[in-house]
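**Student:** The sequence shown: position 3 = 3 (full-length UniProt numbering), numbered continuously.
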Amino acid sequence: MPEDLRTQLKLPPCDQVGFVVSDLSAAMARYEPLFGPFQTMDPGPMSYHYRGGEETCDMKLAFARSGDLEIELIQWLSGGCPHKEFLDAGREGMHHLRFTVDSLEQTVAAAQELGFTAIWHKRYGEGLAVAYLEREGDPLLVELFENHHG
Numbered sequence: 001m002p003e004d005l006r007t008q009l010k011l012p013p014c015d016q017v018g019f020v021v022s023d024l025s026a027a028m029a030r031y032e033p034l035f036g037p038f039q040t041m042d043p044g045p046m047s048y049h050y051r052g053g054e055e056t057c058d059m060k061l062a063f064a065r066s067g068d069l070e071i072e073l074i075q076w077l078s079g080g081c082p083h084k085e086f087l088d089a090g091r092e093g094m095h096h097l098r099f100t101v102d103s104l105e106q107t108v109a110a111a112q113e114l115g116f117t118a119i120w121h122k123r124y125g126e127g128l129a130v131a132y133l134e135r136e137g138d139p140l141l142v143e144l145f146e147n148h149h150g
């Protein structure tokens, strides 16, 4: 029996579940009784590497916690990104699982050996980066997050 993916990629436990929603305020009201209060964030338009090109996208975000697990709600506003793809496919809800890793580049390279493709990524600076990975036949994305800033 092959090793599980977490072992092969040396991933820690999942630390975030991301949901794409069409209406952030409505989703916060719906999920607050389950996860507690949300903190919102409006980062403004940001550029990302997306499917081989450069795209600027804008989103509104909200975060809550369930024990050690972060809950992220994402409302797409503009630009090309995986969140827009998700909504364009008629979907809303659970979108990705996040794992915090020591080296984004090393983990992405290992994941590519297992059939994953990095479709959306950005390095914000030394020690801070994010990538979404997809694998054919799997509707759920994997987010890798490198954060050496605490």
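In this text, a Cβ means the ideal position worked out from N, Cα and C, and glycines have one as well.
May I ask you to list the residues that DSSP assigns as paired with Cys81?
**Tutor:** The residue given as residue 81 occupies position 81 in the sequence shown. Per DSSP, Cys81 has no beta bridge partner at all.
**Student:** Look up Glu54 in the DSSP assignment and give the residues it is bridged to.
**Tutor:** As a working note, residue 54 is residue 54 in the sequence shown. Beta-bridge pairing links Glu54 to His49.
**Student:** When the Cα of Thr117 is compared with those of Gly52, Pro12, Asp23, which residue comes out closest?
**Tutor:** Here residue 117 corresponds to residue number 117 of the sequence shown, with the count starting at 1. Per the Cα distances, Gly52.
**Student:** Grab the span of the alpha helix (DSSP H) containing Leu11 for me, first residue to last.
**Tutor:** Residue mapping note: residue 11 aligns to position 11 of the sequence shown, counting from 1. Unbroken run through Leu11: none, as it is neither H nor E.
**Student:** Please classify Asp138: does DSSP put it in a helix, a strand, or coil?
**Tutor:** Numbered from its first residue, the sequence shown carries residue 138 at position 138. DSSP, read as helix, strand or coil, puts Asp138 in strand.
**Student:** Going by the beta-carbon positions, is the gap between His95 and Phe19 smaller than 8 angstroms?
**Tutor:** If you number the sequence shown from 1, residue 95 lands on position 95. If you number the sequence shown from 1, residue 19 lands on position 19. Contact: yes.
**Student:** Give me, in chain order, the residues of the same chain whose beta-carbon lies closer than 8 angstroms to that of Ala110; leave out the 5 immediate sequence neighbours on both sides.
**Tutor:** Working through the sequence shown from its first residue, we reach residue 110 at position 110. Apart from the 5 residues on each side of it in sequence, Ala110 sits with its Cβ closer than 8 angstroms to the Cβ of Gln8, Leu9, Lys10 in its chain, given in chain order.
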